[in-house]
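Working notes for the structure below.
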Amino acid sequence: MNRSIARATLGSLALIAITAGLWLAFMSSPDVFQRDYVRIMYVHVPGSWLAFLAFGVTALASLAWLISKRMVFDRIAEASAEIGVLFTTVSLLTGMLWGYPVWGTFWDWGDPRMASTALMFFVYLGYLALRRAVSDPTARARRSAILGMIAVVQVPLVYFSVTLWRSLHQGMTVRPDGIAMDGSMVAALLVNIAAFTVLYAYLMVERTLLARLETETAVVETELAGRSVERPNLEGLA
Amino acid sequence: MNTSYIWISYLVTYGLIVGYVAVVWSRIRSHRGRSSDTRT
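Just so you know, the protein sequences line up as chains U and Z, in that order. The numbering used here applies: residue 0 is where the first sequence begins, and numbers increase by one. The numbering used here applies: residue 36 is where the second sequence begins, and numbers increase by one.
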């Protein structure tokens, strides 16, 4: 299949899945305690899931680069980290917008889930800053691969922070003994998680394509710059 | 109940996603233009 047709198909699938997710999010039952504010969960939870998935993919691609030194893995790590930061932003902002009407506060630094998510956000912003600070492609790939593999330890820490420490944040909804939610809410949540996952796949395809084009442009521009440099005339100076 | 928190959450989420896609598309288009310029 032609690559642009495959990209368009994946983009259309993401759009259809998100439309279905939105419809379910607004048609599902309100919560007994949170009332309609529970609808914020249908973007907040998928946003957090995508952040975890994206940072996990960054770590795996970093490991793959360290083993193989193939630049395609560096591009995957970069693309996934950037998308992870985008969805951590979604998670933080929607969490704050849910927290104010339900808990009475936008933010509480004493809450381990909020504090650890904010820390994860800033560490991955640092990862993206590191990538822009190093111009040599191999040095950039090595340094960011090491950071990408270290930074991923935050993902389980953020996820289990609600059980490891005393937290304002609610506990895990999906547990080994079952799901503590109404059926229509579970459907809305799962469809939105699936829709965001398809969206992640689409964003990855587009962002890795951009990374490849950036590399190709840099190579062409370096070659052209090299051609324009002329040998200085040193005759008579010796 | 103030439903504006719900609407703002959805606007923020999809606004960020659409904005990100627009930036990536625009940069892809710009790089394709530049690579065709350098080839000529």
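Idealized CB from N, CA, C, for every residue including glycine. No experiment lies behind these values; they were computed from the predicted model shown.
- Between residue 208 of chain U and residue 63 of chain Z, the beta carbon gap of about 6 Å places them in contact (Cβ cut-off 8 Å).
- Taking a beta-carbon distance threshold of 8 Å, residue 53 of chain Z does not count as an interface residue toward chain U.
- In this model, residue 182 of chain U and residue 145 of chain U are separated by some 43 Å (Cα to Cα).
- Judged by beta-carbon spacing, residue 210 of chain U lies beyond the 8 Å limit of residue 9 of chain U, meaning their Cβ atoms are not closer than that value.
- For the 8 Å CB-CB criterion, residue 100 of chain U and residue 41 of chain U do not form a contact.
- In this structure, DSSP gives residue 30 of chain U an extended state, which the three-state scheme calls strand.
- A residue is called buried when at least 16 other Cβ atoms come within 10 angstroms of its Cβ; residue 44 of chain Z meets this threshold and is buried.
- Within 10 angstroms of the beta-carbon of residue 162 of chain U lie fewer than 16 other beta-carbons, which makes it exposed.
- Listed along chain Z, the residues sitting closer than 9 Å to residue 34 of chain U by beta-carbon distance are 36.
- In the assembly as shown, residue 48 of chain U is a buried residue. Its beta-carbon has 16 or more other beta-carbons within 10 Å.
- The beta carbons of residue 50 of chain U and residue 143 of chain U sit about 18 Å from each other, so the pair does not count as a contact at 8 Å.
- 8 Å or more divides the Cβ of residue 80 of chain U from the Cβ of residue 125 of chain U.
- Contact check between the segment 45 to 53 of chain Z and the segment 80 to 93 of chain U: three or more CB pairs, one atom from each, fall below 8 Å, which counts as touching.
- Shown here, residue 233 of chain U sits in coil according to DSSP, grouped into three states, outside any helix or strand.
- Taking a C-beta distance under 8 Å as the contact criterion, residue 157 of chain U and residue 112 of chain U qualify as a contact pair.
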